[in-house]
Each structure stands twice: as structure tokens, then as C-alpha cells.
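Under the working numbering, the first residue of the sequence shown carries the number 231, and numbering increases by one thereafter.
This report concerns only the one structure given below.
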Amino acid sequence: MMDKPQQLFDYFALAMMHVGMRYFIVAGSAFILLYVLFRKAMNNRKIQSKFPQITDYGRDFFYSIITIFIFSLVAVLTLRTFADYTLIYYEISDMPVWYYWSSILLMFVLHDFYFYWIHRMMHLPKFYRHFHKVHHTSTNPSPWTAYSFHPLEAILEAGIIPLIAITIPAHRSAIVIFFIFQIIYNVYGHTGYELYPKNFHRTWIGRYINTSVAHNMHHKKFHGNFGLYTLIWDRVFGTLRKDYNEDYEKATEKKGVIHSR
231 MMDKPQQLFD
241 YFALAMMHVG
251 MRYFIVAGSA
261 FILLYVLFRK
271 AMNNRKIQSK
281 FPQITDYGRD
291 FFYSIITIFI
301 FSLVAVLTLR
311 TFADYTLIYY
321 EISDMPVWYY
331 WSSILLMFVL
341 HDFYFYWIHR
351 MMHLPKFYRH
361 FHKVHHTSTN
371 PSPWTAYSFH
381 PLEAILEAGI
391 IPLIAITIPA
401 HRSAIVIFFI
411 FQIIYNVYGH
421 TGYELYPKNF
431 HRTWIGRYIN
441 TSVAHNMHHK
451 KFHGNFGLYT
461 LIWDRVFGTL
471 RKDYNEDYEK
481 ATEKKGVIHS
491 R
């Protein structure tokens with residue numbers, strides 16, 4: 231699909247608007263609710279007792295703008311310039327309704343697996359400094375940290391867009407739905423608050439669902455808990471932190487907060 235330069239620029243501007251709006255609406259809403267309006271009421275669910283500094287928010291904003299730019303560029307290249315090489319379809323009637331919803335689930339499975347392995351890779355010493363150090367500067371994350379990536383990491387993170395497009399037959403609207411839920415869960419994982427109920431981590435499904443506590447531990451302690459949506463791969467490959475249950479209980483029972491170890 232060959233678009234003229236002006237058309238590509240228009241699509242890029244539209245992509246920037248959509249990606250940016252998703253980030254600022256979801257992260258901004260979480261920040262206003264948890265860090266402003268209900269800061270005192272939700273204090274018993276704050277994972278770390280301290281709050282980030284203004285400089286932390288500023289850094290997260292700066293790198294998030296770069297990430298939005300990169301995500302938008304990759305989206306336009308995938309969905310417009312190289313669309314003929316993808317499995318994206320444009321008429322919902324081209325596939326059964328059940329498949330439409332199943333394709334969204336497949337995207338989550340693929341993204342969860344993809345993220346786990348690139349995340350582990352970025353923690354290797356030779357990659358960490360060049361890819362992942364920026365994100366880990368936020369040892370006490372906030373909703374704004376969700377897109378705070380070094381440009382090289384942002385490119386890797388954006389790799390899920392073409393990967394989905396060439397492996398999963400998907401309607402464009404299904405991809406949009408997937409990315410809306412993606413940013414919602416991403417922001418939740420960086421809120422610094424645990425929103426799941428007490429003992430959720432011990433339920434049959436809670437054992438395999440990633441939580442804000444699990445990801446907060448990763449930011450604070452740097453090692454283990456590499457998952458995005460689930461803890462499945464952390465459990466399968468032995469990277470779930472052994473102190474996860476203890477810290478989840480501290481956060482939801484307010485016996486204490488996460489400390490460095």
C-alpha cells in the first residue's frame with residue numbers, strides 16, 4: 231500500500247494523537263484518582279510509602295513523548311506502508327465473530343510471551359545500560375512511568391505491532407481494542423498501588439495474574455518478576471521472586487512496604 235508523503239504524515243499525526251490520548255487519558259486518570267483525589271483514602275494500598283519526586287514525573291514525561299513518537303511511527307509503517315504484507319483484514323464479516331474476540335486474546339498471549347523474553351534480555355548486562363536503565367531509573371514508579379523508555383527500548387517494545395500484524399489475522403478495530411487494554415494494564419502495573427483484593431495472589435487465577443505489587447518489586451529490586459499481564463512465564467522459568475507473596479501481603483494488609491534487598 232503506497233501512500234504519498236503527505237498522506238503518511240497525516241496518518242502519523244493521527245497515530246500520534248491516538249497513542250498520545252490513550253497514554254495521557256489512562257495515566258492521567260490514574261494519577262488524578264490515586265495521587266490527588268483519593269491519595270489519603272488509598273494510602274493503605276500504597277506499595278511504597280514514599281511518593282516520586284517532581285523530577286521523576288518530568289523524566290517520565292520526557293521519555294514518554296519520545297515513546298509515543300516511536301510507537302506511532304512503527305504503527306504507521308506497519309498498518310499503512312507495509313500493510314499488504316500483513317494479515318490485517320478490513321471487513322469484520324471476513325472472519326467469524328468468535329474469531330474476532332479470540333484474536334484479541336491471542337494478541338495478549340503473544341504480547342505476554344514476547345514481552346517476557348525481551349524484558350529478560352534487556353536485563354543482561356550488555357543490554358541493560360543501553361536499553362532498560364532509563365525505565366529502571368523510576369525505582370518508585372507512578373502511572374506516568376508506563377511509557378518511560380529509552381528510544382532503543384521503545385523500538386523493541388513497539389516490535390509487538392508488526393509481530394501481531396504478520397502472525398495473527400486481525401481486524402483493525404481488534405488491534406485498537408487490544409492496545410486500549412494494554413495501556414490500561416500497563417498503567418495499573420506502574421500505579422504504585424495494589425488494586426487487587428487481599429489474598430488475590432493465592433487464588434487459582436491470582437497465582438498467574440501479574441499485579442502492581444509484582445511489577446513494583448521489579449522496579450525496586452531490579453531482578454525477577456519479568457511478566458507483563460501474567461506471571462505464567464515467571465513461574466514456568468523460575469523468575470518469580472520468592473518474596474512476592476510476602477510483599478503482596480504487606481501491601482494489602484498494610485504490615486509494611488517494599489524495601490530494597
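We put the beta carbon where it would ideally sit given N, CA and C, even for glycine.
All figures in this text were calculated on a predicted structure; none of them were measured in a lab.
Excluding the five sequence neighbours on either side, which residues of its own chain have a C-beta within less than 6 angstroms of the C-beta of residue i, listed in chain order?
i    : result
F239 : none
P381 : I296
A481 : I277, E424, V443
F430 : G436
F467 : none
W434 : none
I322 : H401
With distance defined between alpha-carbon atoms, name the residue in the options nearest to residue i.
i    : options                : result
F452 : Y478, W434, N370       : N370
H341 : L461, P399, L393, S403 : L393
H366 : I462, R437, Y293, Y319 : Y293
T308 : Q283, I396, G419       : I396
R402 : F299, Q237, Y320, Q283 : Y320
V304 : D324, Q237, A384       : A384
E479 : W347, Y358, N274, T421 : N274
V306 : T421, Y330, Q237       : Q237
P282 : N475, D324, W434, T421 : T421
I348 : I390, N475, I322, G258 : I390
W328 : R269, A400, L386       : A400
Q412 : R465, E387, R289, W434 : E387
For residue i, collect the residues of the same chain with a Cβ closer than 7 angstroms to its Cβ; drop the 5 residues on either side in sequence, then sort them by chain order.
i    : result
M272 : L264, Y423
F291 : W374
M351 : F357
S490 : Any reading at S490 must be qualified, since the residue scores a pLDDT of 43, below 50, and its modelled position is unreliable; no value is offered.
T460 : D342, Y438, I439, N440
G419 : N440, S442, H445
Please report the Cβ distance between residue i and residue j, rounded to the nearest whole angstrom; I am assuming they are in contact, meaning their Cβ atoms lie under 8 angstroms.
i    : j    : result
F456 : T441 : The pair is not a contact, with the Cβ atoms about 14 angstroms apart (cut-off 8 angstroms).
L454 : H448 : Reading off the sequence, residue 454 comes out as Gly, not Leu. Confirmed, Cβ separation roughly 7 angstroms.
M246 : F312 : No, M246 and F312 are not in contact; Cβ-Cβ is about 19 angstroms, not under 8 angstroms.
V339 : A376 : Wrong, their Cβ atoms sit about 21 angstroms apart, outside the cutoff.
Hey, would you say residue i sits closer than 8 angstroms to residue j, going by beta carbons?
i    : j    : result
Y438 : I414 : no
A260 : P373 : yes
I398 : L458 : no
F301 : V256 : no
Y330 : A243 : no
V364 : F345 : no
H362 : H353 : yes
R310 : Y241 : yes
What residues in its chain sit with their C-beta under 8 angstroms from that of residue i, if we drop five residues either side in the sequence?
i    : result
Y287 : S372, W374
N475 : H431, R432
Margin query: Within 8 angstroms, do at least three Cβ pairs link the stretch 320-334 to the stretch 402-410?
Written below: yes
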